[in-house]
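My numbering puts the first residue of the sequence shown at 2, with every later residue one more than the last.
By construction, the Cβ of each residue, glycine as well, lies at the ideal position given by its N, Cα and C atoms.
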Amino acid sequence: MAIIVDKEQKKKEIALGAKQLILQEGINNITIAQIAKAANIGKGTVYEYFKNKDEIVFELVEILMQEHNARKEKQLAGHESTREKVKSFFNFFYIDEDEELREIYKQFTAIALTSANAEMIAFQTECYTMYEKWMETIIEEGIAKKELNSEAKELVMGIFAFAQGTFIMSVTTSVITDLQQKIDMQIDILFDLMEKK
2 MAIIVDKEQK KKEIALGAKQ LILQEGINNI TIAQIAKAAN IGKGTVYEYF
52 KNKDEIVFEL VEILMQEHNA RKEKQLAGHE STREKVKSFF NFFYIDEDEE
102 LREIYKQFTA IALTSANAEM IAFQTECYTM YEKWMETIIE EGIAKKELNS
152 EAKELVMGIF AFAQGTFIMS VTTSVITDLQ QKIDMQIDIL FDLMEKK
């Protein structure tokens with residue numbers, strides 16, 4: 002009897018099998034043969050599921066983002082104030098729990114900036130839209146609870162761009178030495194302006 006292989010599950014297993022190698026060495030410094038060895042499969046099997054190494058990073062980002070989103074939902078439910086929810090929303094950029102995702106995401110971003118394909122662009126667009134909508138919902142709830150002025154809704158994209166830009170500056174320059182402090186301080190300043198007095 003033929004063995005039926007769940008192709009999506011197998012892709013996931015290969016990517017997760019190579020995760021530590023990718024985290025330790027970086028995708029540009031390893032070969033498909035090394036990935037196959039780390040995942041305990043043959044080199045040819047890797048090519049049955051992935052065209053290249055970039056696709057493995059892409060698969061890992063998708064897997065780790067799903068896990069991150071489930072954790073994030075629980076974290077946000079634990080906060081009452083909109084200010085604390087927004088701080089928690091952006092703690093992805095510095096908490097230890099998300100260190101692996103951040104590292105894989107940096108590698109994915111480098112690939113996407115230099116050789117993005119339609120699938121990667123669609124994924125990035127979907128993620129951005131989902132996170133922006135999530136942030137918009139948090140702000141709208143703050144407005145409904147009368148914590149925030151109604152104009153706060155217009156700042157969602159700016160809040161999102163600020164946090165992401167601050168993260169990028171923290172990894173590409175020596176300007177920001179304490180990312181959590183910088184993000185929290187800026188959110189506090191913004192909320193001092195947005196909150197109803």
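At what residues does the alpha helix (DSSP H) containing residue 80 begin and finish?
Taking the first residue of the sequence shown as 1, we reach residue 80 at position 79. Here residue 80 belongs to no alpha helix (DSSP H), and DSSP marks it neither H nor E.
Checklist entry - Are the stretch 98 to 109 and the stretch 23 to 32 touching by the rule of at least three beta carbon pairs closer than 8 Å? => result Short answer: they touch.
Query raised in the report: Going by other Cβ atoms of all chains shown within 10 Å of its Cβ, with 16 needed for buried, is residue 126 buried or exposed?
Result: For this step, residue 126 is matched to residue 125 along the sequence shown. With fewer than 16 other Cβ atoms within 10 Å, it is exposed.
task = Rank 179, 135, 165, 170 by C-alpha distance to the C-alpha of residue 154 and give the top, closest one.
result = By 1-based counting over the sequence shown, the position of residue 154 is 153. Considering only alpha carbons, the answer is 135.
CA nearest to the CA of residue 124, picked from 115, 137, 110: Residue mapping note: residue 124 aligns to position 123 of the sequence shown, counting from 1. In terms of Cα proximity to residue 124, the closest of 115, 137, 110 is 110.
Next item on the list: Give every residue of the same chain whose Cβ lies closer than 8 Å to the Cβ of residue 44, excluding the five residues on either side of it in the sequence, and list them in chain order.
Entry: Position 43 of the sequence shown, counting from 1, holds the residue named residue 44. Leaving aside the five residues that flank residue 44 on each side, the residues in its chain whose CB is nearer than 8 Å to its CB run, in chain order, 33, 34, 37.
Exercise. What number of angstroms, rounded off, separates the C-alpha of residue 13 from the C-alpha of residue 180?
Worked result: Here residue 13 is taken as the residue at index 12 of the sequence shown, counted from 1. Here residue 180 is taken as the residue at index 179 of the sequence shown, counted from 1. One C-alpha to the other measures close to 32 Å.
Next item on the list: Measure how close the beta-carbons of residue 149 and residue 197 come, nearest whole angstrom, since I'm counting them as under 8 Å.
Entry: Numbered from its first residue, the sequence shown carries residue 149 at position 148. Numbered from its first residue, the sequence shown carries residue 197 at position 196. Right, the Cβ-Cβ distance comes to about 7 Å (below 8 Å), so this counts as a contact.
- Query: Looking only at its own chain, which residues have a Cβ that is under 8 Å from the Cβ of residue 151, when we skip the five neighbours before and after it?
  - Reply: As a position in the sequence shown, residue 151 is number 150, starting the count at 1. Here the set comprises 144.
- [ ] Could you tell me the boundaries of the alpha helix (DSSP H) in which residue 180 lies?
- [x] Within the sequence shown, numbered from 1, the residue matching residue 180 stands at position 179. Residue 180 -> alpha helix (DSSP H) spans 180 to 195.
Open item on the list: Using a Cβ-Cβ cutoff of less than 8 Å, which residues in the same chain neighbour residue 21 once the five nearest sequence positions on both sides are dropped?
Closed with: If you number the sequence shown from 1, residue 21 lands on position 20. If we look at residue 21 and ignore the five residues flanking it on each side, its Cβ neighbours are 39.
Taking its Cβ as the centre, do 16 or more other Cβ atoms sit within 10 Å of residue 119, making it buried, or is it exposed?
Along the sequence shown, one-based indexing puts residue 119 at 118. Around the CB of residue 119, fewer than 16 other CB atoms lie within 10 Å, so the residue is classed as exposed.
query = Buried or exposed: where does residue 72 fall if 16 or more other Cβ atoms within 10 Å of its Cβ makes it buried?
reply = For this step, residue 72 is matched to residue 71 along the sequence shown. Label assigned to residue 72: exposed.
In whole angstroms, what separates the C-alpha of residue 190 from that of residue 76? Numbered from its first residue, the sequence shown carries residue 190 at position 189. Numbered from its first residue, the sequence shown carries residue 76 at position 75. Between residue 190 and residue 76, the C-alpha separation is close to 22 Å.
Going by beta-carbon coordinates alone, are residue 19 and residue 91 separated by less than 8 Å? Taking the first residue of the sequence shown as 1, we reach residue 19 at position 18. Taking the first residue of the sequence shown as 1, we reach residue 91 at position 90. Contact: no.
Worksheet entry | Nearest-angstrom Cα separation, counted from residue 93 out to residue 137 | Residue mapping note: residue 137 aligns to position 136 of the sequence shown, counting from 1. Residue mapping note: residue 93 aligns to position 92 of the sequence shown, counting from 1. Approximately 17 Å, taken between the alpha carbons.
Q. Taking the C-alpha atoms as reference points, what is the distance between residue 85 and residue 147?
A. Position 84 of the sequence shown, counted from the start, is the residue given in the question as residue 85. Position 146 of the sequence shown, counted from the start, is the residue given in the question as residue 147. CA-CA distance, residue 85 to residue 147, rounds to 15 Å.
Q: Return yes when at least one heavy atom of the ligand SAM lies under 7 Å from the C-beta of residue 15, else no.
A: For the structure depicted, the ligand SAM is absent and the ligand set is empty, with no information on it obtainable.
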